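*Asks:* One structure, as C-alpha cells, below. Some questions next.
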C-alpha cells in the first residue's frame with residue numbers, strides 16, 4: 028500500500044483515477060484466475076474415482092488380457108452392491124514367470140512390493156506356488172473371522188499362525204478365465220489392508 032501511495036503522488040487527479048482503475052482491474056483479474064484454478068483443482072479432486080478394492084493377480088500364467096476379463100466380471104459386485112460410479116474395483120496382473128530377463132515384468136513385481144508395503148493392495152488372486160510363498164512369509168489375513176466362510180465348500184488353506192489364509196475360487200464363475208482347468212486359484216487377503224470391511228463384503232458376495 029505504501030508503494031501505491033508513492034506511485035500516485037506525482038500524478039494528477041485524472042492520472043490517479045486511471046492508474047487505480049488499471050491497478051485494481053489487474054488484481055481483480057488475477058484473483059478471478061486464482062479462484063478459477065482452485066475451483067478446477069477442487070472439482071477434479073472431488074470427482075476422482077475412489078478405489079473400492081485393489082485386486083492383484085499374481086502368478087506364472089497371468090497376463091493383461093486376463094486382468095481385463097476379471098475386471099469386467101467383478102464389475103457385477105460393484106453394480107449389485109449399488110455403489111457409486113465414482114467407486115472403482117481395480118484389477119492388475121503380475122506375471123511372475125516373465126520376471127527373469129524382462130525389465131518390464133520385473134518392474135511390475137517391484138511395484139507390487141511397494142504397493143503392498145504402502146497398504147494399497149487388498150485382495151490377491153494367486154496360483155498355488157505363489158500363494159505358498161505369501162503364506163510362508165506371514166503376510167496374509169486370517170479369513171476365519173469372516174462370517175459364512177466356515178461353510179466354504181472348496182479347499183481352504185491355513186498357516187501356522189492363522190486358521191484360514193486362502194480359499195480356492197477356481198470354481199467361482201467370475202474367475203473361470205483364470206482357473207486353468209483343475210488347478211487351484213487361491214483368493215487371499217493382504218494382512219495390512221485398510222479396507223477390510225469392503226473385503227468382507229466381497230468374500231460374502233462370492234459365497
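Residue numbers (the working numbering): 28 to 234.
Where a beta carbon is used, it is the ideal one built from N, C-alpha and C, also for glycine.
Computed from a predicted model, the values in this text were never measured in an experiment.
Taking contact to mean 3 or more Cβ pairs, one atom from each stretch, closer than 8 Å, check whether the stretch 128 to 139 and the stretch 86 to 100 are in contact.
*Replies:* Segments in contact, no.
*Asks:* Would you decide whether residue 190 is buried or exposed? Buried here means 16 or more other CB atoms lie within 10 Å of its CB.
*Replies:* Per the 10 Å Cβ criterion, exposed.
*Asks:* Terminal residues of the continuous alpha helix (DSSP H) containing residue 140?
*Replies:* From DSSP, the alpha helix (DSSP H) with residue 140 extends over 130 to 144.
*Asks:* Taking the alpha carbon of residue 180 as the reference point, which residue from 197, 166 and 223 has its own alpha carbon closest?
*Replies:* Here the closest residue by C-alpha is 197.
*Asks:* Apart from the five residues just before and just after residue 73, which ones in its own chain have a Cβ nearer than 8 Å to its Cβ?
*Replies:* The pLDDT assigned to residue 73 is 46, lower than 50, so where the model puts this residue is not dependable; a value taken from the coordinates is nonetheless given after this. Answer for residue 73: no residue qualifies.
*Asks:* Under 8 Å, do residue 152 and residue 214 count as touching if we go by C-beta distance?
*Replies:* Yes, these two residues count as a Cβ contact at 8 Å.
*Asks:* Could you tell me which residues DSSP puts in a beta bridge with residue 83?
*Replies:* According to DSSP, residue 83 bridges with 119 and 151.
*Asks:* Does DSSP put residue 198 in a helix, in a strand, or in coil?
*Replies:* Looking at residue 198 - three-state DSSP - the assignment turns out to be coil, as it is neither helix nor strand.
*Asks:* Evaluate residue 120 with the Cβ neighbour count: other Cβ atoms within 10 Å of its Cβ, from every protein chain shown; 16 or more gives buried, anything less gives exposed.
*Replies:* Buried, because 16 or more other Cβ atoms sit within 10 Å of the Cβ of residue 120.
*Asks:* Is residue 168 helix, strand or coil when you go by DSSP?
*Replies:* Coil at residue 168, not helix or strand.
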